[in-house]
Every structure is written in structure tokens, then in C-alpha cells.
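Per UniProt numbering, residue 1 is the first one in the sequence shown, and the count goes up by one each step. Glycine included, C-beta positions come from ideal geometry on N, C-alpha and C. Written below as C-alpha cells is the structure these notes are about.
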Amino acid sequence: MCGATGRVLVVDDSADIRQLIGVNLELEGFEVVTAVDGVEALEAVHRWCPDVVTLDLRMPRLDGLHTVAALRADPRTQHLPIVVVSASGPRELARARQLGVAAAVAKPFDPGQLVAVVRAAAARGGAEANPVAGEPVSSPTLER
């Protein structure tokens, strides 16, 4: 990782969701930068070096699955923890797990749960890619 501990890149095409996630993370001491799609996310990752990325799967220009694939293909970001925050269906979530996301949180989400999942992903760092087992995480701990 090249960022300071606690840097989170929030990626979602909804301004309301970006703000909701960002404010809750900032209240817990995280430094937050946002992006509206995968194209902006890939630019921001290399410019800002976050410790964790929260990522919607359904976005214009470059969707979340292609963004995860691009991050995993790059040696500089292949172990960057990614937390999917999405209302996507089981097939998309299963594909995200195959690509090695750290966790998934279903929309609508509890802000406290999301903060706990992001905190756990940040604490784990990029030591390993941890696919999520089963459906989206419903507790504040990351599943292996």
C-alpha cells in the first residue's frame, strides 16, 4: 500500500450513495475520495493510493466487475482490498467473489455495518485477496 492508513476510495454512480458512505466513513476517521465510475476509480487509485475501495457493480462507462478485473490485473493494485456495495444479483456477486473482492455489502445497507466491514478490510490490508463466501456480508466481519 502506498496510502496512509484509513484512506478509502468510494465509487458509486449515485451522488447520494457516495455522500452517505463518505460521510459515515469520515465520521469514523477515514479520509475519503469519491469517483462516479470505474474509469474515475482507476485514475484515482493510482493518483491517491487508497487503503480500501468501496465499489458499486452497476455503473456507466466502466462497471464494477471490469474495474475489479483491472485492479486485480495490475501488480500495483492486485491486493488492494475492495468492498462491493451493491444491489446486484447473485451472478454478479459470484463473479465479484471469483475476482477476489474482500467483502460485499448489500444495498440498502446499515452505515455502521459498512464502516465495520471497511475498517476490517483496512486492518487486513493487501496481504491477501479474500473472496467472500456465500451471499453479501450481513455481519461486520469479513468472510473468507
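So, at 7 Å on beta carbons, what are the nonlocal neighbours of residue i in its own chain, with the 5 sequence-adjacent residues on each side left out?
| i | result |
| --- | --- |
| residue 60 | 13 and 37 |
| residue 29 | 6 |
| residue 22 | 10, 32 and 34 |
Quick check on residue i: buried or exposed, where buried means 16 or more other Cβ atoms within 10 Å of its Cβ?
| i | result |
| --- | --- |
| residue 16 | exposed |
| residue 87 | exposed |
| residue 47 | exposed |
| residue 43 | exposed |
| residue 40 | buried |
| residue 108 | exposed |
| residue 64 | buried |
| residue 173 | Coverage of the chain is limited to positions 1 through 144, which leaves residue 173 absent and any answer about it impossible. |
| residue 91 | exposed |
| residue 27 | exposed |
| residue 123 | exposed |
Helix, strand or coil: which one does DSSP assign to residue i?
| i | result |
| --- | --- |
| residue 36 | coil |
| residue 31 | strand |
Residue i: beta carbon under 6 Å from a heavy atom of the ligand FMN?
| i | result |
| --- | --- |
| residue 76 | Ligands are entirely absent from the displayed structure, and the ligand FMN is therefore not among its contents. |
So residue i and residue j are supposed to be a Cβ contact under 8 Å. How far apart are they, rounded?
| i | j | result |
| --- | --- | --- |
| residue 81 | residue 52 | 5 Å |
| residue 84 | residue 93 | 7 Å |
Can you find a CB in chain B that lies within less than 7 Å of the CB of residue i?
| i | result |
| --- | --- |
| residue 85 | In summary, chain B is missing from the structure at hand, where a single protein chain is found. |
Excluding the 5 residues flanking residue i on each side, which residues of the same chain have their C-beta closer than 6 Å to its C-beta?
| i | result |
| --- | --- |
| residue 11 | 35, 41 and 55 |
Whole beta strand (DSSP E) elements within the segment 43-125, 3-residue minimum
52-55, 82-86 and 103-106
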